[in-house]
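Residue numbers (the numbering used here): 1 to 449. Every residue, glycine too, gets a C-beta built ideally from N, C-alpha and C. Each remark here refers to the structure printed beneath this line.
Now the structure itself:
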């Protein structure tokens with residue numbers, strides 16, 4: 001039975017953990033394309049596709065700015081292949097590099113535990129290891145009424161590679177994946193129906209973000225809220241989704257975007273002594289150690305922040321911890337930002353209003369419409385909302401909805417991470433006029449600090 005000093009399961013952010021030099025043989029196990037969800041079926045291709053869709057959206061809105069233009073056609077295969085032609089090549093290059101590496105043995109396929117630090121591959125090969133890193137990522141969750149219905153459906157793992165655009169699409173879900181994919185396909189001319197059991201879209205966000213976005217989305221798409229899915233059936237060339245308290249929702253294609261779960265179901269973790277949390281995540285301590293000696297985890301399989309930038313940060317930290325066991329570093333989970341690349345774009349970091357119950361804070365909101373660049377954009381919906389600690393003058397939370405929100409929030413992330421007083425950020429820093437960053441500057445100046 002081959003023995004390895006280090007085995008890493010998952011070649012997404014797990015690939016970052018592979019050491020340049022290691023005192024012993026290293027194995028990397030991957031059952032899918034290299035690069036994990038982000039590169040192959042998540043963040044990167046979706047944003048490339050969304051950019052193409054936003055070009056179409058800009059053309060449709062061009063007459064509002066005195067430009068006569070129209071979208072006369074959408075070449076979906078060209079849009080799709082622009083994205084995946086790039087990402088597939090990067091994935092293949094990563095696989096070839098690891099396969100040819102002298103220092104790493106690559107196993108293609110899934111694996112499972114047969115005992116403490118003992119693994120078996122799909123082909124029956126069995127290996128042991130001194131240290132094992134679980135970086136298996138996540139998978140789409142499918143509500144049982146749909147899974148048991150027998151209808152054809154797509155998830156975010158598959159829908160971006162479809163052969164042609166449907167005329168209509170039913171999306172089950174109301175979180176960030178549903179919001180991004182609804183934005184993508186609607187801009188390309190697909191009629192969208194969103195079915196969500198929540199009472200607002202993006203319900204886990206700050207209520208002002210969630211409320212305003214839900215109102216805007218209802219103006220673009222057929223949004224069904226408080227809709228509990230009871231089943232689905234094929235009806236001619238359409239899929240009909242039934243709900244508990246309303247009429248069925250019908251579309252040519254069904255997309256299930258009801259969340260993602262850690263991809264740990266067939267690892268047989270109990271045989272290794274690895275415990276799971278109630279939500280299915282692998283239980284780890286602040287340094288990434290599981291409940292089994294010599295077994296670690298990172299990324300979506302275990303993190304409370306299922307974001308690629310967090311997985312990469314955890315991977316870099318874990319790489320250090322493996323190399324220097326006497327100098328362990330905690331996973332960097334302070335001030336984790338996130339963004340939703342929908343329309344309008346959304347970015348957030350820190351506390352939401354619901355997190356501040358019982359705590360002293362001050363807040364301020366400034367609209368895009370109240371700065372010069374907002375006039376140029378003719379933006380009537382964008383805003384920046386801030387929460388601050390009146391005692392320390394530092395940031396508690398920031399929430400931006402509008403054009404390029406993911407860029408505008410960056411100085412606030414840096415200020416929070418550095419513990420900078422917001423009055424210093426507002427008054428001792430130049431803010432270019434008339435750039436859109438003035439919406440952040442004016443929100444800072446409004447805070448009663």
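If you run the structure through DSSP and keep just helix, strand and coil, what is residue i?
| i | result |
| --- | --- |
| residue 20 | coil |
| residue 219 | helix |
| residue 263 | coil |
| residue 64 | helix |
| residue 141 | coil |
| residue 171 | strand |
| residue 77 | helix |
| residue 375 | helix |
| residue 395 | strand |
| residue 54 | helix |
| residue 87 | helix |
| residue 316 | helix |
| residue 188 | coil |
| residue 387 | strand |
| residue 309 | helix |
| residue 454 | With the chain covering only 1 through 449, there is no way to say anything about residue 454. |
| residue 33 | coil |
| residue 130 | strand |
| residue 212 | helix |
| residue 400 | strand |
| residue 297 | strand |
| residue 97 | helix |
| residue 406 | helix |
| residue 200 | coil |
With a Cβ-Cβ cutoff of 8 Å, do residue i and residue j count as a contact?
| i | j | result |
| --- | --- | --- |
| residue 306 | residue 260 | yes |
| residue 169 | residue 192 | yes |
| residue 481 | residue 91 | Shown here, the chain extends from 1 to 449; a query on residue 481 therefore has no answer. |
| residue 381 | residue 212 | yes |
| residue 99 | residue 13 | no |
| residue 295 | residue 117 | yes |
| residue 272 | residue 113 | yes |
| residue 39 | residue 105 | no |
| residue 18 | residue 26 | yes |
| residue 449 | residue 393 | yes |
| residue 173 | residue 53 | no |
| residue 36 | residue 10 | yes |
Between the Cα of residue i and those of the options, spot the shortest distance and give me the residue it belongs to.
| i | options | result |
| --- | --- | --- |
| residue 234 | 267, 150, 178 | 150 |
| residue 445 | 363, 99, 128, 407 | 363 |
| residue 232 | 429, 296, 144, 343 | 144 |
| residue 255 | 218, 327, 165 | 165 |
| residue 209 | 282, 354, 172 | 354 |
| residue 137 | 282, 95, 222 | 282 |
| residue 356 | 335, 388, 73, 371 | 388 |
| residue 28 | 43, 95, 163 | 95 |
| residue 223 | 179, 236, 187 | 179 |
| residue 51 | 217, 80, 228 | 80 |
| residue 385 | 440, 35, 216, 435 | 440 |
| residue 83 | 57, 42, 120 | 42 |
| residue 70 | 141, 442, 57 | 57 |
| residue 383 | 413, 391, 346 | 346 |
| residue 369 | 336, 442, 8 | 442 |
Please report how far the alpha carbon of residue i lies from the alpha carbon of residue j, in whole angstroms.
| i | j | result |
| --- | --- | --- |
| residue 249 | residue 146 | 13 Å |
| residue 30 | residue 111 | 9 Å |
| residue 93 | residue 333 | 31 Å |
| residue 411 | residue 314 | 22 Å |
| residue 204 | residue 97 | 40 Å |
| residue 49 | residue 238 | 25 Å |
| residue 75 | residue 277 | 45 Å |
| residue 206 | residue 196 | 18 Å |
| residue 311 | residue 68 | 45 Å |
| residue 102 | residue 416 | 43 Å |
| residue 124 | residue 268 | 15 Å |
| residue 225 | residue 242 | 13 Å |
| residue 122 | residue 109 | 6 Å |
| residue 244 | residue 189 | 29 Å |
| residue 185 | residue 437 | 29 Å |
| residue 343 | residue 291 | 42 Å |
| residue 220 | residue 194 | 10 Å |
| residue 301 | residue 371 | 42 Å |
| residue 126 | residue 293 | 19 Å |
| residue 299 | residue 309 | 9 Å |
Exercise for the section: Please determine if the region 392 to 412 and the region 319 to 332 are in contact, where contact requires at least 3 C-beta pairs separated by less than 8 Å. Expected result: They do not touch, by the three-pair rule.
Practice task
Flag this pair as touching only if the region 188 to 206 and the region 284 to 292 have three or more C-beta atom pairs under 8 Å; answer yes or no.
Solution key: no
Exercise for the section: Flag this pair as touching only if the region 123 to 132 and the region 3 to 11 have three or more C-beta atom pairs under 8 Å; answer yes or no. Expected result: yes
Exercise for the section: Answer yes if the region 426 to 437 comes into contact with the region 348 to 356, meaning at least three C-beta pairs across the two stretches below 8 Å, and no otherwise. Expected result: no
Handout entry: Contact the region 402 to 418 vs the region 364 to 382: 3+ CB pairs below 8 Å
Key = yes
Problem - Validate contact between the region 240 to 249 and the region 260 to 273 using beta carbons, cut 8 Å, 3 pairs - result: Counting C-beta pairs with one atom in each stretch, the region 240 to 249 and the region 260 to 273 have fewer than three that are closer than 8 Å, which means they do not touch.
Problem - Segment contact flag, the region 413 to 421 with the region 354 to 374, C-beta cutoff 8 Å, min 3 pairs - result: no
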